[in-house]
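This report refers to the structure that appears directly beneath it.
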Amino acid sequence: MPVLESKPDVLVVGGGVAALAAAIEAARLGASVRLLDAAPRELMGGNTRHSRNFRYAHSAPTPATPDSYLEDDFRADLLRATEGLAHPVLSDLLVSESRDLPRWLADQGVALQRADDGNLPYSRRTAFFLGGGMAAVRALYDRAHALGVQVRHDAPVSALRLDGTRVRAALGGQRLMSAGAFVLANGGAHAAPDLLREHWGDAAEGFLNRGTPWGRGELLRGLLAQGAQAVGDPGLLYLVAVDARSPREDGGIVTRIRGMPLGIVVDAMGRRRHDEGADTASTRYARWGQRLAAFPGQIGWLVLDAAGLRAAPPALYPPIQAGDPLRLAQQAGIDGPKLAATLTEYNARIVQPDDPTDPSRWRTAGLEPPKSNYALPMVEPPFSAYPMRPGITFAHHGVAVDDRTRVRWRDGGYLDNGFAAGMIMAANLIPRGYVSGLAVTIGLVFGRIAGREAAAYALGGT
Amino acid sequence: MRSAAPDMGGGAEQAPGVSAGGDAAELARQLRICNICQYCNGLCAVFSAAERRPSFTEWDLDQLANLCHHCRSCLYDCQYAPPHAFAVNLPRALARQRRESYARYAWPRPLAALFGAGGPVTLALGAGVVLACVLAMLIAVPLSVLFSPQLGPGAFYRILPLPVMAGGAALSLGFALFAVGVGVWRFWSAGARASGAAPVRWSAVGRALLHLLRLDNLRGGGPGCADVDHRPSRLRRRLHHALFYGFLGTLAATIAAAGQHHLLGEQAPYPLTSAPVLLGTAGGLSMVVGCIGLLWLHRREDRTPTDPLGRGMDIALLWLLLAVSGTGLGLLVLRATPLMGLALVVHLGTVLALFLLLPYGKLVHGAYRAAALLRDASEMDAEVDAEAEVR
Numbered sequence: 001m002p003v004l005e006s007k008p009d010v011l012v013v014g015g016g017v018a019a020l021a022a023a024i025e026a027a028r029l030g031a032s033v034r035l036l037d038a039a040p041r042e043l044m045g046g047n048t049r050h051s052r053n054f055r056y057a058h059s060a061p062t063p064a065t066p067d068s069y070l071e072d073d074f075r076a077d078l079l080r081a082t083e084g085l086a087h088p089v090l091s092d093l094l095v096s097e098s099r100d101l102p103r104w105l106a107d108q109g110v111a112l113q114r115a116d117d118g119n120l121p122y123s124r125r126t127a128f129f130l131g132g133g134m135a136a137v138r139a140l141y142d143r144a145h146a147l148g149v150q151v152r153h154d155a156p157v158s159a160l161r162l163d164g165t166r167v168r169a170a171l172g173g174q175r176l177m178s179a180g181a182f183v184l185a186n187g188g189a190h191a192a193p194d195l196l197r198e199h200w201g202d203a204a205e206g207f208l209n210r211g212t213p214w215g216r217g218e219l220l221r222g223l224l225a226q227g228a229q230a231v232g233d234p235g236l237l238y239l240v241a242v243d244a245r246s247p248r249e250d251g252g253i254v255t256r257i258r259g260m261p262l263g264i265v266v267d268a269m270g271r272r273r274h275d276e277g278a279d280t281a282s283t284r285y286a287r288w289g290q291r292l293a294a295f296p297g298q299i300g301w302l303v304l305d306a307a308g309l310r311a312a313p314p315a316l317y318p319p320i321q322a323g324d325p326l327r328l329a330q331q332a333g334i335d336g337p338k339l340a341a342t343l344t345e346y347n348a349r350i351v352q353p354d355d356p357t358d359p360s361r362w363r364t365a366g367l368e369p370p371k372s373n374y375a376l377p378m379v380e381p382p383f384s385a386y387p388m389r390p391g392i393t394f395a396h397h398g399v400a401v402d403d404r405t406r407v408r409w410r411d412g413g414y415l416d417n418g419f420a421a422g423m424i425m426a427a428n429l430i431p432r433g434y435v436s437g438l439a440v441t442i443g444l445v446f447g448r449i450a451g452r453e454a455a456a457y458a459l460g461g462t
Numbered sequence: 001m002r003s004a005a006p007d008m009g010g011g012a013e014q015a016p017g018v019s020a021g022g023d024a025a026e027l028a029r030q031l032r033i034c035n036i037c038q039y040c041n042g043l044c045a046v047f048s049a050a051e052r053r054p055s056f057t058e059w060d061l062d063q064l065a066n067l068c069h070h071c072r073s074c075l076y077d078c079q080y081a082p083p084h085a086f087a088v089n090l091p092r093a094l095a096r097q098r099r100e101s102y103a104r105y106a107w108p109r110p111l112a113a114l115f116g117a118g119g120p121v122t123l124a125l126g127a128g129v130v131l132a133c134v135l136a137m138l139i140a141v142p143l144s145v146l147f148s149p150q151l152g153p154g155a156f157y158r159i160l161p162l163p164v165m166a167g168g169a170a171l172s173l174g175f176a177l178f179a180v181g182v183g184v185w186r187f188w189s190a191g192a193r194a195s196g197a198a199p200v201r202w203s204a205v206g207r208a209l210l211h212l213l214r215l216d217n218l219r220g221g222g223p224g225c226a227d228v229d230h231r232p233s234r235l236r237r238r239l240h241h242a243l244f245y246g247f248l249g250t251l252a253a254t255i256a257a258a259g260q261h262h263l264l265g266e267q268a269p270y271p272l273t274s275a276p277v278l279l280g281t282a283g284g285l286s287m288v289v290g291c292i293g294l295l296w297l298h299r300r301e302d303r304t305p306t307d308p309l310g311r312g313m314d315i316a317l318l319w320l321l322l323a324v325s326g327t328g329l330g331l332l333v334l335r336a337t338p339l340m341g342l343a344l345v346v347h348l349g350t351v352l353a354l355f356l357l358l359p360y361g362k363l364v365h366g367a368y369r370a371a372a373l374l375r376d377a378s379e380m381d382a383e384v385d386a387e388a389e390v391r
C-alpha cells in the first residue's frame with residue numbers, strides 16, 4: 001500500500017539542470033518545492049554532470065564569450081542542424097530566452113570560465129561552466145537548498161497518477177507523492193535497455209551509454225502510454241564513437257575516440273566501410289557513432305600506424321598494438337589476412353599531392369570507399385587499433401509541449417498541472433541533429449519556464 | 001627534448017580503474033583522464049601544464065604536484081570522482097606525490113624519512129628541541145639570574161650571550177637554507193634535464209613571483225576554492241596570506257633589530273614603539289591569526305581530497321609556527337618580569353626547532369612551489385615562442 005506524503009506546491013522530478021532551474025524558479029516565486037533525483041547524492045546532476053557548455057544568443061562580447069552570436073544566427077544554426085524540423089515557436093522561445101542565461105546563472109552562484117584565460121577553444125556560440133557541468137550542478141543544488149527546496153536523492157519516480165488531465169500524484173517506489181503542480185524533468189529514455197532492444201533488436205547489446213545510468217525514461221514512457229503526444233523517434237539516437245572497452249554506462253566525455261582522419265576504420269572482417277577523411281569537423285564524432293551502429297556486431301576499429309598514433313589526440317585506454325597488421329588483427333579480433341589486404345590496397349591507391357607537406361591534400365584514387373583527406377601512407381610499425389562502439393548520448397524522443405511547457409495530449413488537450421522540461425521534451429527542438437551546448441540551454445530555458453508555470457498554477461489555487 | 005625517463009604507469013595493462021602500480025602510476029592514470037576531459041582547466045595552472053605533456057615522467061608528476069596549491073575544487077567539480085568507476089581524486093593524488101617529491105629530493109637523504117614519519121613525530125622532535133634548550137639553560141644559567149627581572153639594554157644577552165644566540169641562529173638557519181637549497185636544486189635540475197631546460201627569462205621570474213605572492217592558483221579560477229566542502233571559499237587563501245605576510249613581518253623585525261644593533265649600536269630589548277617591536281608584534285599577531293585559522297580549517301575540512309600523511313605535516317607545521325609566534329608575543333608581554341628568561345629560552349627553542357626541522361617538514365613547500373611556478377612560467381614562454389615560430 002503506497003504511503004501518502006505531505007504535499008508541496010511543486011514536485012520536481014529529475015536531478016539535472018532542467019529540474020534544478022525549475023525548482024529554483026518555483027521556490028523564488030514562493031512555492032514550496034520538493035525535488036526528487038533518481039541518482040545517489042554522489043552521482044547527482046543527471047547528464048548535466050557530463051556537460052561543459054551552453055549555447056546562448058548575445059549581441060556583444062562578454063567575459064565568458066567573445067564577439068557576438070545573434071538570435072538570428074542561433075535560430076539558423078538550429079534549423080540547419082535539425083533540417084528545419086525544430087518546432088518554430090519553441091525555437092524562438094529557446095533562442096530569445098537564452099540571452100538571459102548568463103545573468104540568471106550568475107545570480108544563482110554558477111561561475112563561468114573566462115573566454116580569455118588561454119585554456120578554452122574559441123567559441124562565440126557557447127559559454128563554459130568554470131569547472132564543468134558538475135560545478136554548475138553543485139552551485140544550483142546549493143542555491144536550491146538555500147531557497148528551501150527539499151531535495152531527495154535515490155528517489156526515482158516511475159509513473160504519474162492522473163485524474164483526467166490533472167496529475168494527482170507521482171509514484172516513486174512505494175511512495176505516492178501528491179503536489180499542486182508537477183515538473184517532469186527526469187530526462188529521456190536513452191538508458192533503457194528494453195526500449196533500445198525494441199527498436200534496435202540485438203544490435204542494442206553493442207551500444208554503450210555515455211550518460212547517467214538513471215535515464216530509464218519510465219516516466220516518459222508511462223506518459224506516452226497514458227495519452228501524451230510523442231515527438232521525435234525513439235529509435236533515433238544521438239551516437240558518438242567511444243572506446244569499446246569503456247564502462248557500459250556513465251563514461252562521459254573521455255571515452256570518445258577522435259582520430260579517425262588519421263587512420264582507417266575497419267569492421268571485424270577487416271573491411272573499410274566509409275571515407276575516414278571526409279569530415280574533420282566536430283560533427284564527425286556523431287557521424288561515426290551512427291556508422292558504428294550499422295557495423296556487424298556494432299564494433300569497429302580505428303587502425304593507425306605509428307605516425308598516425310603520434311598525431312592522434314590522447315585516448316583513455318592505450319591502443320592494442322603489434323609490429324605488423326596480421327598480429328594486430330589477431331590481438332584485436334579482426335580478420336587478419338583481410339586487414340593486411342585492406343592496408344596494402346589502401347597504401348597502393350594513395351595519390352601524392354603536389355604539396356606533400358599538407359596532409360589534408362593527400363587522398364586515394366580508385367579506392368572504394370575513397371579516403372578523400374589525410375590519406376597518408378600507413379607503413380610505420382607498430383600498428384595500433386582502438387576498438388569502437390556507438391556511445392548513446394541521448395534519444396531524439398520525448399513528449400510534445402506548448403510554449404508554457406504543458407504536456408500535450410494526443411487528443412489535443414494538455415495536462416493542467418504537468419510541465420515538462422529538459423531532455424524529456426528536447427525532441428520538440430531537436431527531433432534530429434545536434435549542435436554543441438544545446439542540451440544544457442534547453443534544460444535551463446525550459447526548466448525555468450516550467451518552474452514558473454508550475455508555481456503559478458500551484459499558488460493560483462486552481 | 002624529453003628525456004628517456006620512463007613514462008609512469010604507461011603500458012598496455014593501463015586501465016581506467018585504480019592503478020596497482022603505486023602512487024606515481026596512479027597519479028599518471030588520473031592525469032591522463034584529466035588531459036582528455038579538460039573541463040577543469042580554468043581552475044588553476046596544473047591542468048594546462050598537464051595538457052602540455054604527452055606523457056608523465058616522475059619529474060613531470062613532481063612538477064605538477066608542486067604547482068598544485070591544494071585548492072581541492074577539482075575533486076568536487078569532477079564527473080569521475082569516486083564512486084565513479086574511474087575514481088579520480090586528483091587533489092589527493094597530487095598531495096601524495098608532492099609529499100613524496102619532498103622526500104625524493106631531500107638532503108641529506110637519510111633524513112628524508114621524516115617526511116614519511118608523520119606530523120606527531122615532527123611535533124615530538126620540536127618539543128624535544130625546546131625541552132633540551134630549557135634544560136641546557138637551567139644548567140648553564142644560575143637560577144638567581146634566570147628568574148630575576150632583567151631590564152635595560154642587553155637584558156636578553158644576560159640570559160643568553162649574544163654570540164651564542166646569533167651563532168645558534170646562524171648555524172641552524174644556515175643549515176636549513178642549505179638543506180632546502182640542495183633539495184630544490186635537485187628538483188630544478190631534474191626539470192632542466194627533463195624539459196630541455198626552457199630558457200628562464202626575467203619576465204617569467206616576475207610572473208612566477210606574482211603568482212607566488214598572490215597565490216593565484218588558490219583562487220579556483222575566480223570564485224574561490226573548496227576549503228571546507230565543495231562550496232567556493234576564499235578563507236584558506238586569506239589565512240595563508242595572514243600567515244605568510246606575518247612571517248615576513250617577523251623576518252623584517254629581525255632585520256630591523258640587526259640594523260639597530262650593528263648600525264646604531266643599540267642593544268635589545270627595544271622600546272615598544274621601535275621598528276623591531278612593531279613589525280614583530282604585527283607579524284606575530286598576523287601569524288597567530290593565520291595559524292589558528294588554518295588549524296580550524298583543518299579540523300573542519302572534508303578529508304576526502306587530502307593525503308593523511310601530508311595533512312599531518314601541515315598541522316605539525318602550523319603548531320610549530322603558532323608556537324614560534326605565540327612564544328614571541330609571550331616574550332614581549334613577559335620581558336619586564338622575572339619570567340623573561342624562561343620565556344626567552346622557550347621562544348628561541350621553538351625558533352631553533354623550526355629551523356632544524358624546516359628542511360624535513362611542510363615549510364619546504366614554499367621553495368618547491370616557487371621553483372615549480374618559475375618552471376611553469378618558462379614552459380609557457382617556450383610554448384608562445386614555438387607558436388610564434390609556426391606562424
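Top line first, the protein sequences correspond to chains X and S. The letter at position 139 of the first sequence is residue 139 when you use this note's numbering, and the numbering goes up by one with no holes. The letter at position 148 of the second sequence is residue 148 when you use this note's numbering, and the numbering goes up by one with no holes. Think of the CB as a built atom: it goes at the ideal place given N, C-alpha and C, for glycine as much as any other residue. This one's a predicted model, so the numbers in the text were calculated from it and none came from an experiment.
Nearest to residue i by alpha carbon, out of the options?
i, options, result
"L20(X)", "M134(X), R248(X), K338(X), P313(X)", "M134(X)"
"L348(S)", "N89(S), C133(S), G312(S), R98(S)", "C133(S)"
"P318(X)", "T255(X), D279(X), S32(X)", "T255(X)"
"L105(X)", "V440(X), A420(X), A450(X), A454(X)", "V440(X)"
"A426(X)", "L85(X), L36(X), W362(X)", "L85(X)"
"L237(X)", "A306(X), R327(X), R210(X), P8(X)", "R210(X)"
"Y220(S)", "A377(S), V333(S), N41(S), A282(S)", "What sits at residue 220(S) in the sequence shown is Gly, not Tyr. Closest by alpha carbon: N41(S)."
"A515(X)", "R349(X), G173(X), Q108(X), S6(X)", "Residue 515(X) falls outside the range modelled here, since chain X spans only 1 to 462, and no answer is possible."
"I292(S)", "L321(S), A166(S), P271(S)", "L321(S)"
"V167(X)", "W288(X), Q174(X), L184(X), A22(X)", "L184(X)"
"Y39(S)", "Q113(X), G148(X), A27(X), L429(X)", "Q113(X)"
"A24(S)", "A93(S), P82(S), C34(S)", "A93(S)"
"Y374(X)", "D305(X), H396(X), P261(X)", "P261(X)"
Short of 8 Å in beta carbon distance, which residues of its chain neighbour residue i, apart from the five on each side in sequence? Order them along the chain.
i, result
"G10(S)", "Any reading at G10(S) is ruled out, since the residue's pLDDT is 40, under 50, leaving its predicted position unreliable."
"A332(X)", "W301, I320, A385, P387"
"A159(X)", "A170, L171, E218, L219, G222"
Once the 5 residues before and after residue i are set aside, which same chain residues still bring their CB inside 6 Å of it?
i, result
"T165(X)", "G413, L415, D416"
"L438(X)", "R55"
"V18(S)", "A87"
"L212(S)", "A370, L373"
"E301(S)", "V228"
"M1(X)", "Since pLDDT at M1(X) reaches only 49, below the 50 mark, its modelled position is unreliable, and no value is offered."
Spatial neighbours of residue i within its chain, please: C-beta separation below 7 Å, excluding the five flanking residues on both sides.
i, result
"H274(X)", "V265, R291, P369"
"G132(X)", "R52"
Assuming the contact rule is C-beta atoms closer than 8 Å, residue i and residue j should be a hit. Round their C-beta distance to whole Å, please.
i, j, result
"A31(X)", "A458(X)", "6 Å"
"L67(S)", "L373(S)", "7 Å"
"A179(X)", "V10(X)", "6 Å"
"G188(X)", "M423(X)", "5 Å"
"T122(S)", "L114(S)", "7 Å"
Report the partner residues of residue i according to the DSSP bridge assignment.
i, result
"G232(X)", "H397(X)"
"N209(X)", "E249(X), I392(X)"
"C225(S)", "S233(S)"
"S178(X)", "A169(X)"
Just to check, is the beta-carbon of residue i closer than 7 Å to a non-hydrogen atom of the ligand NAP?
i, result
"R410(X)", "In terms of ligand content, the structure shown is empty, and the ligand NAP therefore cannot be addressed."
> What are the residues of the stretch 62-79 of chain S that lie near chain X, defined by any Cβ-Cβ distance shorter than 8 Å?
Replying inline: S73, C74, Y76, D77, C78, Q79
>> Can you pull out the residues from the stretch 80-95 of chain S whose beta carbon lies closer than 9 Å to at least one beta carbon of chain X?
In response: Y80, A81, P82, P83, H84, A85, F86
>> By the 7 Å beta-carbon criterion, what residues does the stretch 215-248 of chain S contribute toward chain X?
In response: G221, G222, P223, H230, R231
>> If the cut-off is 9 Å on Cβ atoms, which residues from the stretch 151-179 of chain X count as contacting chain S, listed in chain order?
In response: none
> Taking any Cβ of chain S, which residues in the stretch 248-265 of chain X have a Cβ under 7 Å from it, in chain order?
Replying inline: D250, G252, I253, V254
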